[in-house]
Structures are given as structure tokens and as C-alpha cells.
Amino acid sequence: MTIRQQPTIPSSNHTPSHDFPKRYRLLGSDDFKAVFDAPIKKIHTAHLLAFIAKGSADSSRLGLAITKKKLKYAVARNRIKRLTREAFRQQRSQFETIDIVVIVKASYDKSFDIGREVDELFSKIHQKFCQSKTA
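Have a look at this one:
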């Protein structure tokens, strides 16, 4: 009997991280309450709303409040969460230290392009809170 070995992929120390560790997440109700109670900015798109507050941690953090009341199907809720986390992960190093909570508005429509909407939201956040702004 011949045992086939799996090909090994050389590891590189320069590969980007695709994880979303706890230090980049708003976890407790106190974290969410702090953002909802004292936002420095609210950024709107047609179907999404982001509350932005000054961060208390050493890096930007993201919280998602995507409720069953607004989105009936788990597939839709999970897709929005997945796309939002990915957009945040790609841009988090460029942000000032901020906390972001994203919610779905009541005007949610099944037919809208969520990928485009999330990109539009994070583009607006990037314009307002990018570290490399010139004065």
C-alpha cells in the first residue's frame, strides 16, 4: 500500500492575516452601549447605518447589530456580517482608533446589492477617519 503525501506549501512570514480576533471586535453590551450613547459620527447608506465613536482600545474595533427583526433569514444576516467583517479587516489598519457598530435600517430591501452597499459604507468611513488625512 502506497501512502501519498500531501504537497507542502511553503509558509511565508509576510502573508496577510485573514482572521478577526477578539481585540478587533466589540464584544460586550457595555462596548455597544458606549458607541450608541456617544457617537461622534453616524454614517448612512440606503440600507445600512454605522455609529462611530472614539475607541478606548489600542486599535479600531467593529460591532455588528444585525437583528432577526430586520432580516428574517439567517442567510441574509450572515452574508451582511461576513461582508462587513471582510471590509473592516481590509481597512482597519488605516483607521484612527475608532469603534464602529453597523446596523441594518428598517428600509432594508431584499433586492439591494449588499456588497456594493458595504463598500460604499466603508468608503465613507475611510474618507472621514483615515489616519493618513492631510491637513
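Residue numbers (my numbering): 33 to 167. C-beta: ideal position from N, C-alpha, C; glycine also.
Is residue 137 near residue 80, with beta carbons less than 8 angstroms apart?
-> yes
Any idea if residue 92 is buried or exposed, counting beta-carbon neighbours within 10 angstroms, 16 or more meaning buried?
-> buried
Have a look at the DSSP bridge pairing and note the partners of residue 73.
-> Its beta-bridge partners are 84.
Any chance you could list the beta strand (DSSP E) runs of at least 3 consecutive residues sitting entirely within the region 117-150, in chain order?
-> 130-136
At a cut of 8 angstroms, does the region 92-108 reach the region 119-135 through at least three beta carbon pairs?
-> Result yes; three or more Cβ-Cβ pairs closer than 8 angstroms.
From the DSSP output, in three-state form, read off residue 108 for me.
-> Three-state DSSP puts residue 108 in a helix.
Whole angstroms is fine: what's the gap from residue 148's alpha carbon to residue 98's?
-> Approximately 17 angstroms, taken between the alpha carbons.
Please go through the same chain and pick out, in chain order, the residues whose beta-carbon is closer than 6 angstroms to the beta-carbon of residue 67, but skip the five residues on each side of it.
-> 83, 85, 131, 133
Hey, out of 116, 129, 152, 145, whose CA is closest to residue 52's CA?
-> 116
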